[in-house]
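Residue numbers (the numbering used here): 1 to 248. A virtual CB, placed ideally from N, CA and C, is assigned to each residue, including glycine. Comments concern the structure below.
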Ligand code: 13P
């Protein structure tokens, strides 16, 4: 299965010049066989994807309707026509600060699949999730709610990517243990398998995100059955990001 290294720049950097510099450094890296996807702030997406078409691009969110009176929202049409093929959905920070619910994420997921974008569904994060076990339990519910009613044939062949991102590991410098991540990856696969069978479950890439840095990658590679990483802070540092790519 393909490996994905996805950089979520969140609301960084603050100027286009810095974003341009960072993308140009990342573009020069030896990316091997990994699919390197960058998710910059959406207001930089059009210019960056045009200037660096060798990279894969993604948005950090997408609204569930194609157009209409939805102030401030981002449309799939904009994302598609500005060089992005991927969309993060249900990120922990959106669940926490904007009270994005499982039902909202489910609507977004349906829309994004219909528009032939690849969703990166983030699970395991949200308000009040402080313990590892809570994040696993939340991931199960979030995943089930998101995919409920979507026919298996739509999700076959890696059409959806799942990223396990436990709230307490994000932005803390303390990634989850490889044991916990392996348990999360198994739980996600079991969930998909229970809805859709093992072929679809085995074909679905599962990523980990939460304080990913180059030093944890070799350990995770051996132990956790992951198809890549969703990287926040470290994706803003081209050198660290390059090591993550190289070691994955
Ligand atoms: P950090 O890598 O900064 O912990 O962020 C993880 C994340 O939220 C990626 O989406």
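Checklist entry - According to DSSP, which residues form a beta bridge with residue 16? => result For residue 16, which the question treats as bridged, DSSP gives no partner whatsoever.
Next on the checklist: My parser needs the alpha helix (DSSP H) runs of 4 or more residues fully inside the segment 49-95; what are they?
Outcome noted: 76-81
Checklist entry - Ends of the beta strand (DSSP E) at residue 257? => result Not covered by the structure: residue 257. The range shown for the chain is 1 to 248.
Checklist entry - For the ligand MN, is there a heavy atom less than 7 Å away from the beta-carbon of residue 180? => result Of the ligands this structure carries, namely the ligand 13P, none is the ligand MN.
Checklist entry - Exposed or buried, what is residue 205 when buried is set at 16 or more other beta-carbons lying within 10 Å of its beta-carbon? => result buried
Item to check | contact_flag[the segment 101-114, the segment 149-161] where n(CB pairs < 8 Å) is 3 or more | outcome: yes
Item to check | Reduced DSSP secondary structure (H/G/I, E/B, other) of residue 145 | outcome: helix
Item to check | Nearest candidate by alpha-carbon position, reference residue 115, set 67, 133, 139 | outcome: 67
Checklist entry - What is the rounded straight-line gap between the Cα of residue 29 and the Cα of residue 227? => result The straight-line gap from Cα to Cα measures roughly 20 Å.
Checklist entry - What does a CB cutoff of less than 7 Å around residue 175 pick up in its chain, not counting 5 residues either side in sequence? => result 169, 210, 211, 212, 216
Checklist entry - For residue 161, which residues from the same chain have a beta carbon less than 6 Å from its beta carbon, with the 5 sequence-adjacent residues on both sides left out? => result 120, 205
Checklist entry - Ordered along the chain, which non-local residues of its own chain (more than five positions away) have a Cβ less than 6 Å from that of residue 163? => result Beyond the five residues adjoining it in sequence on each side, residue 163 comes within less than 6 Å, by CB distance, of 120, 122, 207, 209, 230 in the same chain, given in chain order.
Checklist entry - For residue 19, which residues from the same chain have a beta carbon less than 7 Å from its beta carbon, with the 5 sequence-adjacent residues on both sides left out? => result 13, 40, 44, 48
Item to check | Option nearest residue 124 by Cα separation, candidates 155, 90, 159 | outcome: Relative to residue 124, the option among 155, 90, 159 whose CA is nearest is 90.
Next on the checklist: Any heavy atom of the ligand 13P closer than 7 Å to the beta-carbon of residue 68?
Outcome noted: Incorrect: residue 68 has no Cβ contact closer than 7 Å to the ligand 13P.
Checklist entry - Assuming residue 56 and residue 77 make a contact with CB atoms under 8 Å, what is their CB distance in whole Å? => result Not a contact, Cβ separation roughly 19 Å.
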